[in-house]
Amino acid sequence: MANTYNLSHESLNSLFGALRKDGRRIMAPVEAGGRTELAEVETPAQVASDYLQTILSAKEVAFPKVERLLSYTIAPGQVDLKDTEPKAVPTVLFGVRPCEAKAFGALDAVFNWDYRDKFFNARIEQLAVIGLSCTKADEACFCTSVGGGPADATGSDILLTPKEGGYLAEVCTEKGAAILNLAPDLFKPGNGVDKAAITAKVEQAFDQPALTTKLPGIFESEVWTDQALRCIGCGACAFVCPTCVCFDIQEEADPKKGERLRCWDSCGFHLFTLHASGHNPREVQGARWRQRVYHKFSYYPERYDMLGCVGCGKCTRACPVDMNLKEHLIEAAGVKA
Amino acid sequence: MEAVNQRAKELLEKGEIKAVLGYAKGTGHVRRPHFARKAGQVDQLVLDAACLQNLAVYVTKHEVKKLGKVAVIALPATQRAILQLMAERQLRDGELVILAVDGEAVKELDSAAALEEHLALKAQGLDAKDKALLAELDAMSREQRWVYWQNELSRCMKCYACRNSCPMCYCGTCTMDCNRPQWVPVASHGIGNLEYHAVRTMHLAGRCVECGECGRACPVGIPVHLLTFAAEESIHEQFGQRAGAKAKLDYALSTFKTDDKESFIR
């Protein structure tokens, strides 16, 4: 149960100072050449004032696009192998939307499934999330169809909801309480604010539990081929996605030394999970597109008891050919099983 | 639009084609590529100033070829790309119905020769904004340009939206994806990004139809089209050629002529 406070704009300014004094890096959405990007900031004034979302997701903070796992040198008769130790900087992610805050749970499910990934975990341990409720949404958003909402506190250590003069601050976790304890005077006793009246209205677009139940039965449906006809097979959707976790291991080596790198991968690519035998389990774009939908809405619920999608709409906004995920899910939900 | 939709509907009804590739309304004000596969779906097609995508990217895809013969509603950039694909022998005469749109008029073309004749009547030019950006880059010192591109390319994550949206990037497996041997670093780090964009630029020099699709496709707003535009303009300046203008391939970077004006190569 969250403890609720009021945090004024001035207090937020002081809080940034207290966080930095505590040795924490603050990452927040900033305006950069007409785009909204995540970057390090020192004061709330540097944070973008009016944004829907960043283009890229915040997953980079814990799961960077390229990560060195190990390195080695080779000399005659000798191989020196060096494990890479994760470098984790104490970080506060400020101003991410509730959908993205929630998405860390989907990453965690994979990185701590059958193996505890030390790189991801080292960064997550050092990470605190101060989420910011949405006061607007666009056509790509569908958080309320996947169990989230514009003011959902899941995944946020502290969730702020903008209101007159400042924010309603819900301190949701121990990490959130630790931030509060850095400057307890800044958090004033809060009163009951009707969050629903302040935050964005996002209509539920489809019945997700029904879709998840239906998916195994429509695997062979033409709908996937039809939807994928305009897909050009790039990785934009997966790379901007806050929950897409697939990676590829690449070796960069010469005869004397080498490095093993973990790089973002995408099921949209035609070489995705291509077997060494030459067999490709998903030879056509329709099968790759279906994999994307099933991974998020069928395999994730089956394996981890959660969804692999938070309805942020980043994929739809980033897609060069306007593959609108919400629209495609509505269509799939309407397919006769 | 009415004329082109009317013709598309006729072709579908007569069974001469299996699909019409055009544009439809998308999210917000966006227009998206759209395949109409039944006469009744043709009415979903729209054609206005918001239709930007180069549709030629689809005509070499096996998923699209599998549909059967397709009619393409082709704006000038799509026409140039189709002609270049024909010159590069990726498409045969008669393989597509090209509904070349010119204002209100629709011309039905189906061969490289017809496209060449049609395109010869049109002046190809960069738009003012891109011209200005290229001039800005040109005015920079090499060091400034280096810093500019280092900064821009630092955002690249190798999603390959630029490559995959390009009609001229039709290779079955791209060198960039090759890791045995690994010609170019696959990872999206500084050198990996730089090498990828340098290779892409060189591979498109003399083949880029200057549609700008790569730049529009980039989710993080890197103006990658300026790289291929600059290379294409340089080819034009030095060899007098333009990609997507001729039915017969005469590719500056792989053609040897005994009467070359440069003495070093003779």
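Chains A and B supply the protein sequences, listed in that same order.
In terms of our numbering, the first sequence opens at residue 31 and continues consecutively.
In terms of our numbering, the second sequence opens at residue 384 and continues consecutively.
Using N, Cα and C, we set each Cβ at its ideal position, and we do this for glycine too.
These figures come from a predicted structure and were not determined experimentally.
Counting other Cβ atoms within 10 Å of its Cβ, Ser617(B) stays below 16 and is therefore classed as exposed.
When 7 Å is used as the limit between beta carbons, Tyr579(B) is near no residue of chain A, the shortest such separation being about 13 Å. Taking CB atoms only, Gly316(A) has a neighbour in chain B less than 8 Å away. Of all C-beta pairs linking the region 578-590 of chain B to the region 490-509 of chain B, fewer than three are shorter than 8 Å, placing the two stretches out of contact. Cβ contact annotation for Phe622(B) (same chain, cutoff 6 Å, sequence separation greater than five): Ala635, in chain order. For a Cβ distance threshold of 8 Å, nothing in chain A lies close to Ala588(B): the least Cβ distance comes to about 22 Å. The bridge partners DSSP lists for Trp294(A) are Phe277(A). Under the three-state reduction of DSSP, Phe124(A) is assigned to strand.
Gln108(A) carries a strand assignment under DSSP once its states are collapsed to helix, strand and coil.
In terms of CA proximity to Lys631(B), Glu471(B) leads the group Glu471(B), Lys444(B), Ala457(B), His412(B). Counting along the chain, no beta strand (DSSP E) covers Phe612(B); the unbroken alpha helix (DSSP H) around it starts and ends at 608-622. Rounded to whole angstroms, the gap between the alpha carbons of Thr242(A) and Gln321(A) is 14 Å. Residues of the region 131-161 of chain A with a C-beta less than 9 Å from any C-beta of chain B: none at all.
Taking a Cβ-Cβ cut-off of 7 Å, Ser537(B) has no neighbours in chain A, whose nearest Cβ is about 11 Å from it. Contact check for Ala268(A) against Cys274(A) passes: the beta carbons are separated by less than 8 Å. Of the other Cβ atoms in all chains shown, 16 or more fall within 10 Å of the Cβ of Ile188(A); this residue is therefore buried. Taking a beta-carbon distance threshold of 8 Å, Trp294(A) counts as an interface residue toward chain B.
Your pair Arg153(A) and Pro116(A) checks out as a contact, with CB atoms roughly 7 Å apart and the cut at 8 Å. DSSP places Tyr334(A) inside the alpha helix (DSSP H), whose first and last residues are 330-334.
Interface with chain A (8 Å Cβ-Cβ cutoff): Met551(B) is excluded.
Cβ-Cβ separation between Ala181(A) and Ser163(A): approximately 4 Å, consistent with a contact (criterion under 8 Å). Taking the beta carbon of Arg599(B) as reference, the chain A residues within 9 Å of it are Pro350, listed in sequence order.
Using a Cβ distance threshold of 8 Å, Leu68(A) and Leu86(A) count as a contacting pair. Residue state for Pro219(A) is assigned as strand, using DSSP reduced to three classes.
Within the region 463-503 of chain B, the complete alpha helix (DSSP H) runs of at least 4 residues fall at 495-503.
The region 88-98 of chain A makes contact with the region 287-303 of chain A; the number of CB pairs closer than 8 Å reaches 3 or more. Taking the C-beta atoms as reference points, Tyr145(A) is found no nearer than 8 Å to Leu37(A).
Boundaries of the alpha helix (DSSP H) harbouring Thr255(A): 253-258, taken from the DSSP string.
Residues of chain A with a Cβ closer than 9 Å to the Cβ of Phe418(B) are, in chain order, Asp256, Leu259, Arg260. Not a single C-beta of chain A is nearer than 8 Å to the C-beta of Thr641(B). Taking 9 Å as the upper bound on Cβ-Cβ separation, chain A lies near residues Arg538, Met540, Lys541, Cys542, Tyr543, Ala544, Cys545, Arg546, Asn547, Ser548 of the region 523-548 of chain B.
With fewer than 16 other beta carbons inside 10 angstroms of its own, Gln533(B) counts as exposed. Between the beta-carbon of Glu499(B) and that of Lys629(B) there is about 6 Å, and that keeps the pair under the 8 Å contact cut. Neighbours of Gly308(A) across chain B, judged by C-beta separation under 7 Å, do not exist; the nearest C-beta is about 12 Å away. Looking at the DSSP output, Lys449(B) shares a beta bridge with no other residue. Taking Met384(B) as reference, the option from Glu526(B), Ala626(B), Glu487(B) with the minimal CA-CA separation is Glu487(B).
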